[in-house]
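Engineer:
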Amino acid sequence: GRGLATVEASGKHVPWGGLGTGTYTAATKGCFDVIARCQPIVRSALTRALAAREAAGVANSTPFAIADFGTADAGTSLPLMCSIVAAVRAAEPHAPIVVHYEDQAANDWQSVFKLVHGDLAGGPATYMDGSIDNCYVLASGSSFYQQCFAPASIDLGFCATAMHWLTDTPAGGIADALHSADSRDGATRAAFAAQAAADWETILLQRAKELKSGGQMVVANFAVDEDGQYLGTSKRVAQGMHPTFSELWREVAGEEVHRATSFPNEYRSLADCVAPFAAGSRVSEAGLTLVSAECDLVECPFLNEWLTGAVTDPVEHAKRFVPTTRTWSNSTFVSGAVACGHSKAEADSLVDEMFRRYEARVAADPANHAMDYVHSYFHAAKA
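What follows is the structure, given as structure tokens:
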């Protein structure tokens with residue numbers, strides 16, 4: 001029951017940028033491409049979900065419920081949600097459609113509702129523009145480590161680039177890096193892997209409770225692929241994002257703060273993502289089955305703009321690129337500095353300086369910095 005839900009540490013990821021301004025969507029261009037990469041998998045999942053409703057005799061009458069977990073400001077998933085809502089309406093002209101957005105309580109909920117209702121200039125097109133009738137939007141501020149929605153209430157669940165955030169940083173943090181993917185310490189990597197495995201099982205068990213019989217779940221999880229590539233570290237560029245963060249943060253904030261700074265997340269391998277579906281596992285017994293899983297790299301759109309000549313000024317390029325690395329990382333750096341006794345204002349100043357230096361690095365060598373995205377793309381179904 002909910003009383004036994006896993007507790008997620010608060011304050012791990014605090015949105016960066018002005019609330020209600022759509023900062024995440026404006027800066028995080030690559031997430032649109034990652035979610036576009038999910039479209040064929042989601043189409044397959046949606047076909048199955050609609051067929052399950054038809055078989056159960058509830059098509060075109062009971063609400064079709066969609067859940068978007070870890071939505072941030074909801075803008076990056078709007079193109080996908082538009083296509084899902086349109087497809088559901090075409091298949092079931094009279095069914096109410098309810099889109100549920102989930103994220104932490106500290107999320108930029110102002111931007112969620114402004115973007116979804118089309119109230120931010122320059123925002124993506126939205127399904128709430130009056131073109132789809134009998135469609136509704138709800139939100140949950142519960143952690144996805146808890147059961148967020150009523151039992152057997154969700155037809156189609158989706159999550160992109162969120163479930164790598166762990167419930168907490170394993171004891172001891174990371175001594176030799178800022179992110180577990182960069183650590184060369186065996187004990188550290190093992191601790192993060194164990195935490196990530198337990199957390200991933202918890203996530204799946206909670207989703208199993210929420211999904212209807214025949215319901216579907218599609219997740220894009222940050223991954224380390226078979227070639228050792230992961231977010232910001234890929235064969236396309238010489239300079240890795242996380243190692244550069246580590247070098248500059250130590251330079252700006254000092255060794256003590258660097259040691260206190262650890263990203264509380266894990267980039268799971270494809271094998272790690274599918275492991276909970278082994279025969280006889282708790283996840284299998286909860287009724288979830290694995291439909292498909294694959295790993296893929298989505299190229300950084302900012303680097304591609306530089307390489308194709310769409311942007312030619314290196315300083316302008318750096319100013320465009322660096323915020324996409326900051327929207328999700330800023331709060332981790334601030335937390336490390338505050339943990340060492342710095343005031344919030346001092347911490348903010350240190351982080352500003354680090355990202356100024358990162359901009360200078362990128363401007364000096366634009367072709368060798370990028371945030372290529374490496375994900376596992378994962379589809380599960382509820383029996």
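In UniProt numbering, the protein residues as written are 1 to 383. The beta-carbon is built from N, C-alpha and C at its ideal position, and this holds for glycine as well. Quick caveat: nothing in here was measured; it's all calculated off a predicted structure.
#1: Check for me: the beta strand (DSSP E) holding Phe69 runs from which residue to which?
#2: Kindly indicate which three-state DSSP category Gln216 falls into: helix, strand or coil?
#3: Roughly how many angstroms separate the alpha carbons of Thr244 and His258, rounded to a whole number?
#4: Within its chain, find whatever has a CB closer than 6 Å to the CB of Ile97; leave out the 5 residues flanking it on each side and keep chain order.
#5: If we ignore side chains and look at the alpha-carbon of each, how far apart do Phe32 and Ala383 end up?
#6: Please tell me whether Gly123 and Gly70 are closer than 8 Å, where the distance is taken between their beta carbons.
#7: For Glu346, collect the residues of the same chain with a Cβ closer than 6 Å to its Cβ; drop the 5 residues on either side in sequence, then sort them by chain order.
#8: Using the Cβ count rule (16 or more neighbours within 10 Å means buried), how would you classify Asn330?
#9: CA-CA distance, Ala194 and Ser143?
#10: Could you name the residues that DSSP lists as bridge partners for His100?
#11: Based on the DSSP output, what are the partners of Lys268 in its beta bridges?
#12: By a C-beta neighbour count over all protein chains shown, 10 Å radius and 16 as the cutoff for buried, is Ser262 buried or exposed?
#13: What is the rounded straight-line gap between the Cα of Ala370 and the Cα of Gly57?
#14: Which of the three DSSP states is assigned to Trp328 in this structure?
#15: Taking only the alpha-carbon atoms, compute the straight-line gap between Ser292 and Ser111 and give it to the nearest angstrom.
#16: Taking the beta carbon of Asp68 as the centre, do at least 16 other beta carbons fall within 10 Å, making it buried, or is it exposed?
#17: Three-state secondary structure (DSSP) at Lys235?
#18: If you draw a straight line from the C-alpha of Ala363 to the C-alpha of Ala51, how long is it?
#19: So, for Ala223: in the same chain, excluding its five sequence neighbours on each side, which residues have a beta-carbon less than 8 Å away from its beta-carbon?
#20: Check whether the Cβ of Ala74 lies closer than 7 Å to any heavy atom of the ligand ADP, and answer yes or no.
Structural biologist: In short, the structure shows the following:
#1: As a first step, residue 69 is located in the sequence shown; it is residue number 69 there, counting from the start. Its beta strand (DSSP E) spans residues 64–69.
#2: By one-based count along the sequence shown, residue 216 stands at place 216. Reduced to three states, the DSSP call for Gln216 is strand.
#3: Residue 244 sits at position 244 when you count from the first residue of the sequence shown. Residue 258 sits at position 258 when you count from the first residue of the sequence shown. Each residue's Cα considered, the two are about 13 Å apart.
#4: The residue given as residue 97 occupies position 97 in the sequence shown. Same-chain partners within the cutoff: Phe64, Val85, Val88, Cys135.
#5: The count along the sequence shown starts at 1 and reaches residue 32 at position 32. The count along the sequence shown starts at 1 and reaches residue 383 at position 383. Taking the straight line joining both Cα atoms gives about 30 Å.
#6: Within the sequence shown, the letter at position 123 stands for residue 123. Within the sequence shown, the letter at position 70 stands for residue 70. Against a cut-off of 8 Å, the Cβ pair of Gly70 and Gly123 comes out as no contact.
#7: Counting from one through the sequence shown, the residue named residue 346 turns up at place 346. Contacts found: none.
#8: Start at 1 with the first residue of the sequence shown, and residue 330 comes out as number 330. Buried.
#9: Looking up residue 194 in the sequence shown gives position 194. Looking up residue 143 in the sequence shown gives position 143. Roughly 20 Å between the two C-alpha positions.
#10: The count along the sequence shown starts at 1 and reaches residue 100 at position 100. Answer by DSSP bridge pairing, in chain order: Ala67, Leu138.
#11: In the sequence shown, the residue the question calls residue 268 occupies position 268. Before going on, a small fix: residue 268 reads as Arg here, not Lys. DSSP, once it has assigned bridges, lists Ala223 as partnering Arg268.
#12: Within the sequence shown, the letter at position 262 stands for residue 262. Flag for Ser262 reads buried.
#13: To locate residue 370, count along the sequence shown from 1; it is residue 370. To locate residue 57, count along the sequence shown from 1; it is residue 57. Distance between the alpha carbons of Ala370 and Gly57: 49 Å.
#14: In the sequence shown, the residue the question calls residue 328 occupies position 328. Reduced to three states, the DSSP call for Trp328 is coil.
#15: One-based indexing of the sequence shown puts residue 292 at position 292. One-based indexing of the sequence shown puts residue 111 at position 111. If you take the alpha carbons of Ser292 and Ser111, they lie about 33 Å apart.
#16: Numbered from its first residue, the sequence shown carries residue 68 at position 68. Result: buried.
#17: Sequence index remark: in the sequence shown, residue 235 carries index 235 (1-based). In this structure, Lys235 counts as coil in the three-state DSSP scheme.
#18: Here residue 363 refers to the residue found at position 363 of the sequence shown. Here residue 51 refers to the residue found at position 51 of the sequence shown. Between Ala363 and Ala51, the C-alpha separation is close to 52 Å.
#19: Numbered from its first residue, the sequence shown carries residue 223 at position 223. These residues qualify, in order along the chain: Tyr230, Tyr267, Arg268, Ser269, Leu270, Cys273, Cys295, Val374, His375, Ser376.
#20: With respect to small molecules bound, the structure shown includes none, and the ligand ADP cannot be examined in it.
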